[in-house]
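Participant: Residue numbers (the numbering used here), protein chains in the order written: chain G, 7 to 147; chain E, 20 to 307. The beta carbon of each residue, even a glycine, is placed where N, CA and C say it ideally should be.
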């Protein structure tokens, strides 16, 4: 049904030859391709994919999620998320380590509802725009 | 069961298309009056969250609601969703989703191809297109807004009648495409300098693109490009204004987008060019 196309161009590349030898170029994290594939797979799911009337992926949630994913890969220290579709048709990002866990749901307006838990500390809120709060939580270790 | 309104608006003329919201629209303060506006196309678009369960079946069910006014039906690929993020997406990284082309976009045109409606699972759009190269064929924003709102009301009636939820608008867009042609004997370079206060020297082709941000809730794109028509050069000047809609009446967001676009048009063009070439403030016709 849907096809995800990714193309990566000149990530963190300095354009001038003069500076190329002076600046260490960053490469994309290896998990970017895995996440791209998970997003593509989520976008391919038809309506009622869960046999309980689950909605197909919301086109706006998908588009905002691709932006959110780009913000993640631009940030040093973010671990690989797992990407899945929920019954409302919204894209979810999930992290679970031995120490902490986080879930983020991106709705059709690009608003991210998140839940974070680290030992006794837990918080639940919404974030949007540059998703600064979520990224701060993801890189606090 | 079709709504009564689909039959009351039977004839294809402006009087029939402009109706109930006329008084509200007329209360909008007009900022710019161009007797000879260079507009060749304008579009008013409302983007909303996906209508759940929308399929290829629904354009066929919607057709009877607008067939009297927009009888020519075409099926097009789906227009990709637009999201405006602040800041913009990281520059060095391109990541594109190609969305479902099977569901597509339904386009309904008037007999004279001057107006069209596009409807898809997440977007409703109304377009006015110039039928000739003559200036002064453009109508007005008020008139186009009225037609757009009336047709949107009909679309909403259709959704309700087919047990689909009401739309949840997230973004409103206004687009104006202008064709700016030099006067007889005038070079393109001289025209660009006169209108846009920009001396580009002698050029074969040029492209100028600028974007503007409004309080973290909207983005405006101004694009200038050279073009040719039967070997004669002219400039396409496109302005696209998008406002993220959060709450309240989406018509206010459409008006915000339009007013911002007109302000930008005035900032990017010289007042002398607007007066001499496009007859600004000539109130013979009330153009906006």
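So, with DSSP's three-state summary, where would you put residue 122 of chain G?
Facilitator: Residue 122 of chain G sits at position 116 when you count from the first residue of the first chain. Strand.
Participant: Can you find a C-beta in chain G that's less than 7 angstroms from the C-beta of residue 104 of chain E?
Facilitator: Here the question's residue 104 of chain E lines up with position 85 in the second chain. Output row for residue 104 of chain E: interface = yes.
Participant: Using the C-alpha atoms, what's the distance from residue 286 of chain E back to residue 87 of chain G?
Facilitator: If you number the first chain from 1, residue 87 of chain G lands on position 81. If you number the second chain from 1, residue 286 of chain E lands on position 267. Distance between the alpha carbons of residue 87 of chain G and residue 286 of chain E is about 46 angstroms.
Participant: Take the Cβ of residue 211 of chain E as the centre, count every other Cβ of all protein chains shown within 10 Å, and call the residue buried at 16 or more, exposed below.
Facilitator: For the purposes of this step, residue 211 of chain E is taken as the residue at position 192 of the second chain. Buried.
Participant: Between G:129, G:145, G:101, G:92, which has its C-alpha nearest residue 58 of chain G's C-alpha?
Facilitator: On the first chain, residue 58 of chain G is found 52 positions in, with the first residue counted as 1. Residue 58 of chain G has its Cα closest to that of G:92, out of G:129, G:145, G:101, G:92.
Participant: With DSSP collapsed to three states, give me the class of residue 139 of chain G.
Facilitator: For the purposes of this step, residue 139 of chain G is taken as residue 133 along the first chain, with counting starting at 1. It is helical.
Participant: Flag this pair as yes or no: are the beta carbons of residue 73 of chain G and residue 230 of chain E separated by less than 7 angstroms?
Facilitator: Along the first chain, read from residue 1 onward, the residue named residue 73 of chain G stands at position 67. Along the second chain, read from residue 1 onward, the residue named residue 230 of chain E stands at position 211. The answer is no: Cβ separation not under 7 angstroms.
Participant: With a threshold of 6 angstroms on Cβ separation, who are the neighbours of residue 144 of chain G within its own chain once the five nearest residues in sequence on each side are excluded?
Facilitator: Within the first chain, the letter at position 138 stands for residue 144 of chain G. Counting only Cβ-Cβ distances below 6 angstroms, and skipping sequence neighbours, we find 84.
Participant: Counting only beta-carbon separations shorter than 7 angstroms, does residue 64 of chain G have a partner in chain E?
Facilitator: Indexing the first chain from 1 puts residue 64 of chain G at position 58. Answer yes: the Cβ-Cβ gap between residue 64 of chain G and chain E drops below 7 angstroms somewhere.
Participant: Where DSSP assigns a beta bridge to residue 89 of chain G, which residues make up the other side?
Facilitator: Taking the first residue of the first chain as position 1, residue 89 of chain G is located at position 83. Residue 89 of chain G pairs with G:99.
Participant: Using the beta-carbon of each residue, which ones in chain E are nearer than 8 angstroms to residue 136 of chain G?
Facilitator: If you number the first chain from 1, residue 136 of chain G lands on position 130. Correct list: 105, 106.
Participant: Relative to the C-alpha of residue 83 of chain E, which candidate in E:130, E:167, E:52, E:177 has its C-alpha closest?
Facilitator: For the purposes of this step, residue 83 of chain E is identified with residue 64 of the second chain, where counting begins at 1. Selected option, being the one with the closest Cα: E:177.
Participant: Distance cutoff 7 angstroms, beta carbons only. Does residue 36 of chain G sit that close to anything in chain E?
Facilitator: The sequence position of residue 36 of chain G within the first chain is 30, counting from 1. So, not an interface residue.
Participant: Quick one: which chain G residues come within Cβ less than 8 angstroms of residue 186 of chain E?
Facilitator: As a working mapping, residue 186 of chain E is identified with position 167 in the second chain. The premise fails here: residue 186 of chain E is roughly 11 angstroms from chain G at the closest Cβ pair, so nothing lies under 8 angstroms.
Participant: In three-state DSSP terms, what is residue 222 of chain E?
Facilitator: Position 203 of the second chain, counted from the start, is the residue given in the question as residue 222 of chain E. Note: residue 222 of chain E maps to coil in three-state DSSP.
Participant: Got a sec, what are the start and stop residues for the beta strand (DSSP E) residue 65 of chain E sits in?
Facilitator: To locate residue 65 of chain E, count along the second chain from 1; it is residue 46. Counting along the chain, the beta strand (DSSP E) containing residue 65 of chain E begins and ends at 58 to 67.
Participant: Taking 7 angstroms as the CB-CB cut-off, is residue 69 of chain G touching chain E?
Facilitator: What you label residue 69 of chain G is simply residue 63 of the first chain in a count that begins at 1. Yes, because at least one Cβ of chain E sits closer than 7 angstroms to the Cβ of residue 69 of chain G.
Participant: Taking C-beta to C-beta, are residue 224 of chain E and residue 245 of chain E nearer than 7 angstroms?
Facilitator: Counting from one through the second chain, the residue named residue 224 of chain E turns up at place 205. Counting from one through the second chain, the residue named residue 245 of chain E turns up at place 226. The answer is yes: Cβ separation under 7 angstroms.
Participant: State the start and end residues of the unbroken beta strand (DSSP E) segment that holds residue 237 of chain E.
Facilitator: The residue given as residue 237 of chain E occupies position 218 in the second chain. Here the beta strand (DSSP E) through residue 237 of chain E covers 237 to 248.
Participant: Spatial neighbours of residue 272 of chain E within its chain, please: C-beta separation below 6 angstroms, excluding the five flanking residues on both sides.
Facilitator: Numbered from its first residue, the second chain carries residue 272 of chain E at position 253. So the list reads 191, 262, 264, once near-sequence residues are dropped.
Participant: Please go through the same chain and pick out, in chain order, the residues whose beta-carbon is closer than 7 angstroms to the beta-carbon of residue 292 of chain E, but skip the five residues on each side of it.
Facilitator: As a working mapping, residue 292 of chain E is identified with position 273 in the second chain. 213, 214.
Participant: Out of E:130, E:162, E:193, point me to the one whose CA is closest to residue 143 of chain E's CA.
Facilitator: In the second chain, the residue the question calls residue 143 of chain E occupies position 124. Checked all of E:130, E:162, E:193; the closest Cα to residue 143 of chain E is E:193.
Participant: Alpha carbon to alpha carbon, what distance is there between residue 122 of chain G and residue 129 of chain G?
Facilitator: By one-based count along the first chain, residue 129 of chain G stands at place 123. By one-based count along the first chain, residue 122 of chain G stands at place 116. Roughly 5 angstroms separates the two Cα atoms.
Participant: Return the residue from the list G:76, G:114, G:56, G:89 that minimises the CA-CA distance to residue 45 of chain G.
Facilitator: The sequence position of residue 45 of chain G within the first chain is 39, counting from 1. Of G:76, G:114, G:56, G:89, the residue nearest in Cα terms is G:89.
Participant: Measuring CB atoms only, is the segment 87 to 107 of chain E touching the segment 123 to 130 of chain E, in the sense that at least three cross pairs come out at less than 8 angstroms?
Facilitator: As far as the Cβ criterion goes, the segment 87 to 107 of chain E touches the segment 123 to 130 of chain E, which means the pair count is three or higher.
Participant: With a threshold of 6 angstroms on Cβ separation, who are the neighbours of residue 197 of chain E within its own chain once the five nearest residues in sequence on each side are excluded?
Facilitator: Start at 1 with the first residue of the second chain, and residue 197 of chain E comes out as number 178. Only 57, 58, 256 meet the Cβ criterion.
Participant: Between residue 95 of chain G and residue 137 of chain G, how many whole angstroms is the CB-CB distance? I'm expecting something under 8 angstroms.
Facilitator: Looking up residue 95 of chain G in the first chain gives position 89. Looking up residue 137 of chain G in the first chain gives position 131. About 20 angstroms separates the two Cβ atoms, so there is no contact after all.
Participant: With a threshold of 7 angstroms between beta-carbons, can residue 69 of chain E be considered close to chain G, or not?
Facilitator: For the purposes of this step, residue 69 of chain E is taken as the residue at position 50 of the second chain. Yes, contact with chain G.
Participant: Of all the options E:168, E:123, E:187, which has the alpha carbon lying nearest to the alpha carbon of residue 113 of chain G?
Facilitator: Position 107 of the first chain, counted from the first residue, corresponds to residue 113 of chain G. Closest by alpha carbon: E:187.
Participant: Output yes if chain E places a C-beta closer than 7 angstroms to the C-beta of residue 61 of chain G; else output no.
Facilitator: Position 55 of the first chain holds residue 61 of chain G. With 7 angstroms as the cut-off, residue 61 of chain G counts as an interface residue toward chain E.
Participant: Closer than 8 angstroms, Cβ to Cβ, to anything on chain E: give me those residues from the segment 84 to 100 of chain G, in chain order.
Facilitator: Taking 8 angstroms as the Cβ-Cβ cut-off against chain E, the residues of the segment 84 to 100 of chain G that qualify are 95.
Participant: In whole angstroms, give me the CA-to-CA distance for residue 207 of chain E and residue 250 of chain E.
Facilitator: Within the second chain, the letter at position 188 stands for residue 207 of chain E. Within the second chain, the letter at position 231 stands for residue 250 of chain E. C-alpha separation (whole angstroms): 13 angstroms.
Participant: Three-state secondary structure (DSSP) at residue 133 of chain G?
Facilitator: By 1-based counting over the first chain, the position of residue 133 of chain G is 127. It is a strand residue.
Participant: To the nearest angstrom, how far is the alpha carbon of residue 289 of chain E from that of residue 166 of chain E?
Facilitator: As a position in the second chain, residue 289 of chain E is number 270, starting the count at 1. As a position in the second chain, residue 166 of chain E is number 147, starting the count at 1. Taking the straight line joining both Cα atoms gives about 31 angstroms.
Participant: Quick check: is the beta carbon of residue 76 of chain G nearer than 7 angstroms to any beta carbon in chain E?
Facilitator: Here residue 76 of chain G is taken as the residue at index 70 of the first chain, counted from 1. Yes, its Cβ sits closer than 7 angstroms to a Cβ of chain E.
Participant: Name the one or two DSSP bridge partners that residue 127 of chain G has.
Facilitator: In the first chain, the residue the question calls residue 127 of chain G occupies position 121. For residue 127 of chain G, which the question treats as bridged, DSSP gives the partners G:124.
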